[in-house]
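Reading through the structure tokens given below for one structure.
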Amino acid sequence: MFSDTGQASGGAPDDDLPPPVNLTMQNRSRSLLSYTHEPPTAATGGGAGSPPGGGSGSGLPMQLTTSSSASAIIGGQKPARTTTTGLAFDSLMQKHGCACGDNANHPEHSGRLQSIWARLLGTGLAIRCDKLRSRKATQEELQTVHTEGHALLFGTSQLNRQKVDTSRVSFVRLACGGVGVDLDTTWNEHYTAAAARMAAGCVIDLSYKVARGENRNGFAVVRPPGHHAEADAAMGFCFFNSIALAARLLRHRMPHEMRRILIVDWDVHHGNGTQQAFYDDASVLYLSVHRHDDGNFFPGTGGPAECGAGAGVGYNVNVAWSGGVNPPLGDAEYLAAFRTVVMPIARDFAPDLVLVSAGFDAAVGHPAPLGGYVVSPACFGHLTRELMQLANGKIVLALEGGYDLPAICDSAEECVRALLGEGTSAIAPSELARPPCQAAVETLQKTIAIQVSHWPCVKRLAHTVSLSALQAHSSEREESDTVTAMAGLSMQTMKRTSDVSCEDSEEPMDQDESK
Numbered sequence: 021m022f023s024d025t026g027q028a029s030g031g032a033p034d035d036d037l038p039p040p041v042n043l044t045m046q047n048r049s050r051s052l053l054s055y056t057h058e059p060p061t062a063a064t065g066g067g068a069g070s071p072p073g074g075g076s077g078s079g080l081p082m083q084l085t086t087s088s089s090a091s092a093i094i095g096g097q098k099p100a101r102t103t104t105t106g107l108a109f110d111s112l113m114q115k116h117g118c119a120c121g122d123n124a125n126h127p128e129h130s131g132r133l134q135s136i137w138a139r140l141l142g143t144g145l146a147i148r149c150d151k152l153r154s155r156k157a158t159q160e161e162l163q164t165v166h167t168e169g170h171a172l173l174f175g176t177s178q179l180n181r182q183k184v185d186t187s188r189v190s191f192v193r194l195a196c197g198g199v200g201v202d203l204d205t206t207w208n209e210h211y212t213a214a215a216a217r218m219a220a221g222c223v224i225d226l227s228y229k230v231a232r233g234e235n236r237n238g239f240a241v242v243r244p245p246g247h248h249a250e251a252d253a254a255m256g257f258c259f260f261n262s263i264a265l266a267a268r269l270l271r272h273r274m275p276h277e278m279r280r281i282l283i284v285d286w287d288v289h290h291g292n293g294t295q296q297a298f299y300d301d302a303s304v305l306y307l308s309v310h311r312h313d314d315g316n317f318f319p320g321t322g323g324p325a326e327c328g329a330g331a332g333v334g335y336n337v338n339v340a341w342s343g344g345v346n347p348p349l350g351d352a353e354y355l356a357a358f359r360t361v362v363m364p365i366a367r368d369f370a371p372d373l374v375l376v377s378a379g380f381d382a383a384v385g386h387p388a389p390l391g392g393y394v395v396s397p398a399c400f401g402h403l404t405r406e407l408m409q410l411a412n413g414k415i416v417l418a419l420e421g422g423y424d425l426p427a428i429c430d431s432a433e434e435c436v437r438a439l440l441g442e443g444t445s446a447i448a449p450s451e452l453a454r455p456p457c458q459a460a461v462e463t464l465q466k467t468i469a470i471q472v473s474h475w476p477c478v479k480r481l482a483h484t485v486s487l488s489a490l491q492a493h494s495s496e497r498e499e500s501d502t503v504t505a506m507a508g509l510s511m512q513t514m515k516r517t518s519d520v521s522c523e524d525s526e527e528p529m530d531q532d533e534s535k
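According to the working numbering, the stretch in the sequence shown is residues 21 to 535, in order.
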């Protein structure tokens with residue numbers, strides 16, 4: 021059995037672990053793979069609360085001018101280098117997996133990490149990063165977000181679970197012969213607890229190093245993912261909420277330096293666990309862009325009217341896409357969401373650190389039950405560069421979902437290249453010229469209508485939600501030119517008024533001299 025203290029390197033737990041726990045045949049209703057249904061086209065929403073911020077934001081992402089975001093989509097500008105990018109990975113996390121050994125039955129498998137890590141090594145990106153010394157999260161750390169029972173149940177061996185009331189938790193026998201906490205979330209008695217704690221420890225430590233300035237930014241290549249894990253529930257392949265743990269611990273350990281933390285979640289599934297963790301917390305802004313389909317897509321949470329509670333009202337923002345996958349959403353829709361909602365609110369919030377739940381299951385290549393969208397790897401690289409404009413560039417990406425191996429490798433590579441300040445791939449011209457689909461436009465309009473009372477800045481670019489990226493850029497350029505022209509005209513008018521005043525003041529003197 022492994023100890024509950026931090027461990028510098030991830031070895032396997034002791035070989036003398038007891039056999040797996042007794043099983044109860046049970047079918048959880050919240051199943052990721054079987055959750056999706058064909059949705060209705062309309063979404064529901066409503067307003068809430070008093071505004072936490074105001075002012076104006078800017079969402080210009082285009083490559084056609086020389087501004088900071090102008091050339092971002094085609095190639096991106098290199099941010100100033102101080103320290104380098106941190107990279108977190110440990111092979112222990114590859115050992116978590118179903119005992120059946122058949123990856124075809126389980127999309128969240130070890131090949132995901134192996135493929136991404138091999139890509140980063142093969143491209144030479146890994147060697148240009150600082151490799152984090154990995155460790156497992158401690159029980160004390162886990163219990164800052166999760167209950168003691170949850171942390172002990174999924175973070176220790178069977179012998180240590182004697183303290184836990186397991187009457188409410190039942191493991192299930194899967195059709196493949198393996199074991200799971202539900203029909204999706206596999207459990208391996210020998211390795212899952214260690215792997216889940218290692219994933220959390222990697223994200224915690226990498227975030228801490230970036231917050232302290234020891235790394236400029238970072239990418240955590242970790243599994244199992246975490247954003248579905250609630251305080252006392254494992255689901256959707258997730259056991260411990262690594263991003264939530266990092267945010268909570270940074271707020272505790274660096275309360276003066278980390279006053280405001282932004283969590284951006286672009287996984288195609290809503291991060292119900294992360295939303296739950298900070299729903300009444302104004303110091304952590306959770307901003308999710310996900311497929312929702314009016315609650316008919318897993319996990320069913322994350323509707324647009326879910327804006328927070330108590331002190332946290334306004335600090336929970338959901339861009340909840342609805343309308344299914346006909347057509348599938350892609351770069352045009354995600355660029356519009358970042359331009360009109362994500363970046364304006366993020367800039368007004370002015371975070372001290374940005375944490376990203378970087379799931380790549382919205383990427384092209386995923387079947388409809390696991391995503392069904394067609395976002396390009398280049399777009400993920402662009403979104404990373406956009407977020408790097410915040411918090412003096414202090415940003416940490418942690419892998420969440422994403423199951424098509426070529427897609428997640430390409431996407432991870434683009435994101436790491438962006439973090440390193442290197443050239444990235446260009447978004448397809450056809451996507452830059454394509455307006456968002458009507459369902460996406462309606463989602464953005466609904467989101468803005470709900471959030472405007474909390475974040476007035478979203479009004480500024482609301483008129484561009486139906487425009488393509490190119491059209492929006494042209495509109496902003498014309499607006500900028502108009503403002504510049506008006507400012508110039510105003511200056512000319514002031515100068516003329518001043519000249520006339522000077523002439524009037526000189527006339528009496530001229531008259532005196534003529535006498």
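We put the beta carbon where it would ideally sit given N, CA and C, even for glycine. Keep in mind it's a predicted model, so treat the numbers as computed, not measured.
| Query | Result |
| --- | --- |
| Of the residues Q163, S308 and D150, the one placed nearest A171, counting alpha carbons only | Q163 |
| Continuous alpha helix (DSSP H) stretch holding I136: start and end | G131 to G142 |
| Residue from I470, T321 and L355 with nearest C-alpha to H493 | L355 |
| Cβ shell of R271 (< 8 Å), same chain only, five flanking positions each side left out | M278, I281, S303 and V304 |
| Distance CB(V9)-CB(L226) smaller than 8 Å | Past the boundaries of the shown model lies residue 9; the chain is included only from 21 to 535, so the question cannot be answered. |
| Cβ pair count under 8 Å reaching 3, the region 216-231 against the region 152-168 | yes |
| Range covered by the beta strand (DSSP E) that runs through A418 | I415 to L419 |
| Residues near G385 in its chain [Cβ-Cβ closer than 6 Å; skip 5 each side] | D424 and A427 |
| Under 8 Å between C-beta atoms of V376 and V339 | no |
| Cβ shell of L487 (< 7 Å), same chain only, five flanking positions each side left out | P455 and S495 |
| Inter-stretch contact (C-beta, 8 Å, three-pair minimum) for the region 201-220 and the region 240-257 | yes |
| Residue interval of the beta strand (DSSP E) (run including L282) | I281 to D285 |
| Cα-Cα separation, G379 to E442 | 21 Å |
| Boundaries (first-last residue) of the beta strand (DSSP E) holding S308 | V304 to R311 |
| Element boundaries [beta strand (DSSP E), containing T294] | No beta strand (DSSP E) holds T294; the alpha helix (DSSP H) holding it covers N292 to A297. |
| Neighbourhood of Q296 by C-beta distance below 7 Å, restricted to the same chain and skipping five residues each side | E250 and A251 |
| Beta-carbon gap between I447 and D381 smaller than 8 Å | no |
| Residue burial classification, N536 (beta-carbon count within 10 angstroms, cutoff 16) | Summary: the structure shown does not reach residue 536, with the chain confined to residues 21 through 535, and so no result is reported for it. |
| Nearest to D368 (by Cα), restricted to the options V472, A459, F298 and E462 | V472 |
| Which residues DSSP lists as bridging W341, in chain order | R311 |
| Minimum C-alpha distance to P371 - residue among A215, Q409 and D185 | Q409 |
| N- and C-terminal bounds of the beta strand (DSSP E) containing H441 | Rather than His, the amino acid found at residue 441 in this sequence is Gly. Looking at the DSSP string, G441 is not in any beta strand (DSSP E), and its letter there is neither H nor E. |
| Boundaries of the beta strand (DSSP E) in which G332 is found, first to last residue | It is not in any beta strand (DSSP E) - G332 carries neither H nor E in the DSSP assignment. |
| Residue of G413, Y335, H290 and E433 minimising C-alpha distance to V241 | E433 |
| Range of the contiguous beta strand (DSSP E) that encloses A482 | Neither: A482 is in no beta strand (DSSP E) and is coded neither H nor E. |
| The beta strand (DSSP E) enclosing T105, as first and last residue numbers | T105 to A108 |
| P244 versus H474 - alpha carbon distance | 34 Å |
| Three-way DSSP call (helix, strand, coil) for C149 in this model | coil |
| Assigned exposure category for I147 - 16 Cβ within 10 Å defines buried | exposed |
| Cβ separation of T444 and V361, assumed to be a contact under 8 Å, to the nearest whole Å | Their Cβ separation, rounded to whole angstroms, is 23 Å, which puts T444 and V361 out of contact at 8 Å. |
| Length of the line joining the Cα atoms of H290 and V461 | 19 Å |
| Helix, strand or coil at G198 according to DSSP, with G and I counted as helix | coil |
| CA nearest to the CA of H483, picked from G343, V230 and R359 | R359 |
| Best match in H276, H166, L307 and L152 for proximity to G537 [C-alpha to C-alpha] | Any property of residue 537 remains undetermined from this structure, which presents the chain solely from 21 to 535. |
| Inter-residue spacing [alpha-carbon to alpha-carbon] between V192 and S262 | 25 Å |
| Simplified DSSP assignment, three categories, for E451 | helix |
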